[in-house]
Amino acid sequence: MPVLSPGGQDICQTPEDWRRGPVETIAIRTGSRVEAVDITGQVQDVVSKSGAKSGVAVVCTAHTTAGVTINENADPDVMADVLDTLGRLVPKSGGYAHVEGNSDAHVKSTLVGHSVTVPVEEGRLQFGTWQGIYFCEFDGPRQRRLMVQILSAG
Ligand code: ZN
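As structure tokens, then:
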């Protein structure tokens, strides 16, 4: 059943109007055990190459000891505070059952989440003034991989 606007127009496009782009990969080499890497430019590059004008970008990390989040990209102290606070909340050692020694990283990954979804309009990721996308490393340094898929309606 179509969703109608107050004026009676069908405001939902049919699924055929949407295109699902391929899953693209962004590779990152992190440099320390815990860090936040601004990947906004790399995600925008994927959007630009896709040719999508309007839709959404889905950004996921492929790892269980890392996360993806959106936060302030003007003052680097903000992400430093986020990482410091996560470190206080989830200490490196603390009687964890997992024997690999990186349980804190797994817990932080779950707290931060593994993906973000960002609207795309006129071929550009849509953010508030101070927002950027961060890959959050919790068990580096490592070679890391992000997946980006664009769902576009124009
Ligand atoms: Zn582990």
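Numbering (my numbering), first residue to last: 1 to 154.
C-beta atoms are modelled at their ideal positions from N, C-alpha and C, and glycine is treated no differently.
No experiment lies behind these values; they were computed from the predicted model shown.
Same chain, Cβ closer than 8 Å to residue i, five either side skipped, listed in chain order
{"i": "G113", "result": "G67, V68, T69"}
{"i": "T85", "result": "none"}
Residues near residue i in its chain [Cβ-Cβ closer than 6 Å; skip 5 each side]
{"i": "R20", "result": "L151"}
{"i": "S50", "result": "G21, I150"}
Cβ distance (whole Å) where residue i is taken to contact residue j below 8 Å
{"i": "V34", "j": "L83", "result": "6 Å"}
{"i": "L125", "j": "A62", "result": "Wrong, their Cβ atoms sit about 20 Å apart, outside the cutoff."}
Beta-carbon spacing of residue i, residue j below 7 Å
{"i": "V166", "j": "Q149", "result": "Within the shown structure, residues of the chain are numbered from 1 to 154, placing residue 166 beyond reach of any answer."}
{"i": "S48", "j": "E121", "result": "no"}
{"i": "A59", "j": "V116", "result": "In the sequence on display, residue 59 carries Val and not Ala. The answer is yes: Cβ separation under 7 Å."}
{"i": "T65", "j": "N102", "result": "yes"}
{"i": "S32", "j": "G132", "result": "no"}
{"i": "T30", "j": "E137", "result": "yes"}
{"i": "W130", "j": "A80", "result": "no"}
{"i": "I26", "j": "Q44", "result": "no"}
{"i": "K92", "j": "D77", "result": "no"}
{"i": "I28", "j": "F135", "result": "yes"}
Any C-beta of chain C under 7 Å from that of residue i
{"i": "V78", "result": "Given the protein chain composition of this structure (a single chain), no chain C is represented."}
Cut-off 7 Å between Cβ atoms - residues of its own chain near residue i, not counting five sequence neighbours on either side
{"i": "H106", "result": "T64, T65, H98"}
{"i": "S109", "result": "T64, T65, A66, G67, F138"}
{"i": "G123", "result": "V47, S48, A52, K53"}
{"i": "Q154", "result": "Per the sequence shown, residue 154 should be read as Gly rather than Gln. The residues are K53, S54."}
Which runs of the alpha helix (DSSP H), 4 residues or longer, sit entirely within the stretch 39-113? 40-50, 76-89, 103-112
Could you name the residues, in chain order, whose CB is less than 6 Å away from a heavy atom belonging to the ligand ZN? H98, E100, N102, H106
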